[in-house]
Every structure is written in C-alpha cells, then in structure tokens.
Amino acid sequence: MNNAFGFYREYDGYKFMCVFARKKESVAPKLNFSAEKSMMNIVWKFLNQILPYYQQENSALKYSRISQDASFRKNFIFGQYKSSFLELKDRERGCLFWARYGKSTSETSKILGLKRATVKKYLEGVREKCQVSSIQEAITLALQHQFIS
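If you want it as structure tokens, here you go:
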C-alpha cells in the first residue's frame with residue numbers, strides 16, 4: 719500500500735510539489751471534488767505563508783507572476799493555469815543558451831561535447847516546441863519566459 723499521494727504544478731522553471739502522507743493503517747482517501755478542493759485550499763494557504771520566505775532568498779521568484787498576482791497563484795494551485803510554453807529538456811536549453819550568444823552548431827557541439835547533428839536536432843526540437851519559424855524567435859520566446867538567461 720502506498721502511504722503517500724500528491725500532485726505538482728510547474729511554473730517558470732519551478733516545480734511546486736505537495737505530498738500528503740497517511741498513517742500506515744489508514745485507508746486511502748476517496749478523492750472527489752470536495753476532498754480535492756479541501757486539499758487545494760490547504761496548499762493555497764501554505765503557499766501564501768511560505769512564499770515570502772523563499773522570495774527573500776530568490777529575487778527571480780520574488781518578482782515572478784506567481785508571487786505578485788494572488789488570483790493567478792490561486793488559479794495555478796487549483797490547476798486552472800496551463801503553461802503555454804512547453805518544458806525544455808536540459809540539453810535543448812543548453813543548445814539554445816549557446817545559440818543565444820551566437821555560437822554555431824559546430825561551436826556548441828564542442829562546448830557541450832555533442833555531435834553537430836545532435837545539436838541541430840535539439841535546436842530543431844526547440845523551434846518546433848515553440849511553434850516558431852526560426853531559432854532567433856525561439857531564443858526571444860525563451861528569454862521572455864526566462865527559460866534561458
């Protein structure tokens with residue numbers, strides 16, 4: 719029997735996780751709308767209490783929309799917010815980072831220790847995920863969403 723259940727939400731490179739643990743002998747809760755809403759309210763209250771502490775440590779989080787906009791934060795917690803930007807893999811992000819600084823696929827492949835064709839494949843994947851026609855547009859979009867610096 720699994721003694722923990724939970725959920726997570728992702729936003730702007732952060733993963734917010736909530737795990738509910740049960741006593742070993744307890745029966746698994748029946749999740750219905752009312753139970754889920756009650757759990758989300760607990761998470762909402764907790765996030766509002768803990769966020770100020772994390773903001774002091776991380777200025778990017780402090781000025782992010784999730785910190786500044788309470789209604790957005792509530793929609794996010796209750797699962798009504800869906801990111802319009804697909805999550806990038808670490809290698810895709812790395813290739814895009816070096817492309818941003820004008821590195822060619824050959825230069826990027828040497829820096830990252832990859833084959834040139836692999837770098838091209840990653841950049842093409844990023845372009846498709848971003849639904850744009852060029853890598854420059856993908857770079858602009860990634861910078862706007864703070865996926866690369």
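Under the working numbering, the residue at position 83 of the sequence shown is numbered 801, and the numbers go up by one with no gaps.
The beta carbon of each residue, even a glycine, is placed where N, CA and C say it ideally should be.
Near residue i, which residues of its chain fall below 6 Å by C-beta distance, leaving aside the five closest residues on each side in sequence?
i, result
"M719", "Bear in mind that a pLDDT of 42 at M719, under 50, signals an unreliable position, so the model cannot answer this."
"L830", "G812"
"T858", "none"
Three-state secondary structure (DSSP) at residue i?
i, result
"Q864", "coil"
"G843", "helix"
"K833", "coil"
"G820", "coil"
"S852", "coil"
"I857", "helix"
"E825", "helix"
"K763", "helix"
"N838", "Correcting the residue type first, residue 838 is Lys in the shown sequence and not Asn. Helix at K838."
In or out: residue i buried (at least 16 other Cβ within 10 Å) or exposed?
i, result
"Y697", "In the structure as shown, the chain begins at 719 and stops at 867. Residue 697 is therefore absent and cannot be evaluated."
"L861", "exposed"
"A788", "exposed"
"I879", "Outside the modelled stretch of the chain, which goes from 719 to 867, sits residue 879, for which no answer is possible."
"I853", "buried"
"E846", "exposed"
"Q864", "exposed"
Look at the Cβ atom of residue i, then the Cβ atom of residue j, and state whether they are nearer than 9 Å.
i, j, result
"S827", "T836", "yes"
"A856", "L841", "yes"
"V844", "L814", "yes"
Kindly list the residues whose CB is nearer than 7 Å to the CB of residue i, restricted to its own chain and excluding five residues on each side of it in sequence; keep chain order.
i, result
"R834", "T823, S824, S827"
What residues in its chain sit with their C-beta under 8 Å from that of residue i, if we drop five residues either side in the sequence?
i, result
"W816", "E825, T826, I829, L830"
Cβ of residue i less than 9 Å from any chain D Cβ?
i, result
"E810", "The displayed structure is made up of one protein chain only, and chain D is not part of it."
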